[in-house]
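The structure under discussion appears below in the form of C-alpha cells.
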Ligand code: PGA
C-alpha cells in the first residue's frame, strides 16, 4: 500500500488533484467516484483552479458521487448532490448527462441503489475512486460491520457519523438523516485505482489502523490493503500515528512517500 504524507492540508489537496488530473489526461473518458465531506474541499478547489487556469478538460469524464442521504430534497444545502455541484461540478466543464447522484427522495431506495449500481457497471466500472474516511473507518457510508461483498444499497448511519456530520446541519444531530444510499465496499474495491484522503488528528487512528491493522469488517477502510492500486494521501496530523515503513521513504516537495 502506498502512503503519501503531505506537510499540510494544502499540499495534500494538491497531491490528490494532481493524481486526478493525471488520470483525466491519460484517459479523458475516465469514470470517477467522488466524495462529499469537509476533507475534499481543498482538492475540489485545486481541480477547479486547474480547469480555469490550465484548461484541464473534464468534458468527457463521468462522475459518480459515492453516497447520498435518504430523505433530503435535491436542492437541500446539506445534500451531497448540492455539495458536489456547489464545490466542484458547477465550476468545471463536466457534461451534466455524465453526473450521477442517487436520488435521496426515491420512493424505493433499494431500487434506486440497484439502478445506481447498474449504471456504474454500464459505464464499464469506475476507473478512479476518490475516498474520504470516517473516524470509525467508514468509506462512502459503509459503516463498521459492512460486508466486504456489499454493493450499492441503503444503509443506516452510525451514531459517530451522525455526530460528526451534525456540523453540516447547524450542529444539530437530530437534523442529520439516519439513512443514506452508499456505494458498497465491493463496488468501491472494483475501481481500478483508488486514492483516500484524510486530514486532521481526529483521523490519525483510523489511518494507522487502515495501514497497519488487521483487514476486518470492523474497520471498513482496512479492506484497501487488499486493493492492488490504492494510495492514501494524508496531511501530517492524519499521518501522525503511522509507523515508519521498513522500506524508508522517498522525499518529495512537501511530501514523503512510503510503501507498506
Ligand atoms: P469529512 O468526512 O471529510 O467531512 O471528515 C469524511 C467521511 O466521513 O467519509
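In my numbering, the protein residues as written are 7 to 266.
Ideal Cβ positions, reconstructed from N, Cα and C, are used throughout, including at glycine.
In the DSSP assignment, residue 186 falls within the unbroken beta strand (DSSP E) covering 185 to 188.
Non-local C-beta neighbours of residue 228 in its own chain, meaning closer than 6 Å and more than five positions away in sequence, comprise 216, 219, 221, 222, ordered along the chain.
Of all C-beta pairs linking the segment 100 to 111 to the segment 190 to 205, fewer than three are shorter than 8 Å, placing the two stretches out of contact. Screening all residues for a C-beta within a distance smaller than 5 Å of any heavy atom in the ligand PGA leaves 43, 44, 45, 138, 140, in chain order.
Shortest Cα-Cα distance from residue 236 to any of 203, 224, 243 involves 203. The segment 19 to 29 and the segment 49 to 67 touch, with no fewer than 3 CB-CB distances between them shorter than 8 Å. In this structure, residue 186 lies away from residue 141, with their beta-carbon atoms at least 8 Å apart. The beta carbon of residue 181 sits closer than 6 Å to the beta carbons of 175 from its chain, once the five residues preceding and following it are set aside; these are given in chain order. Residue 143 carries a coil assignment under DSSP once its states are collapsed to helix, strand and coil. As summarised for the segment 25 to 58, there are no continuous alpha helix (DSSP H) elements at least 4 residues long confined to that stretch.
For residue 43, the CB contacts under 7 Å within the same chain, skipping 5 residues up- and downstream, are 138 in chain order. Contact check for residue 150 and residue 76: beta-carbon distance about 20 Å, past the 8 Å limit, so the pair fails to qualify. From the listed residues 27, 93, 71, 60, the smallest Cα separation to residue 132 is found for 71.
For residue 7, no beta strand (DSSP E) run applies, since DSSP gives it neither H nor E. By the neighbour-count criterion, in which a residue is buried when 16 or more other Cβ atoms sit within 10 angstroms of its Cβ, residue 78 is buried. Restricting attention to 135, 233, 162, 206, the CA atom closest to the CA of residue 154 is found in 233. Contact between residue 210 and residue 247 holds, since their C-beta atoms are separated by about 4 Å, short of 8 Å. Around residue 172, the same chain offers 178, 179, 181, 182 as residues with beta carbons nearer than 8 Å, after the five sequence neighbours per side are excluded. For residue 117, same chain residues with a beta-carbon under 6 Å away, outside a window of 5 residues either side, do not exist. Sorting 39, 66, 58 by C-alpha distance to the C-alpha of residue 122 places 39 at the top. In the displayed model, residue 69 falls within a strand according to three-state DSSP.
Across the structure, residue 152 and residue 256 are spaced so that their CA atoms are roughly 35 Å apart. In its chain, beyond the 5 residues on either side, 138, 203, 205 have a beta carbon closer than 6 Å to the beta carbon of residue 45. Assignment of residue 18 by DSSP, reduced to helix, strand and coil, places it in the helix class. Rounded to whole angstroms, the Cβ separation of residue 12 and residue 261 is 5 Å, and the two are in contact under 8 Å. Residue state for residue 180 is assigned as helix, using DSSP reduced to three classes.
Ranked by how close their Cα comes to the Cα of residue 60, the residues 24, 35, 41 have 24 in first place. Taking a C-beta distance under 8 Å as the contact criterion, residue 147 and residue 36 do not qualify as a contact pair.
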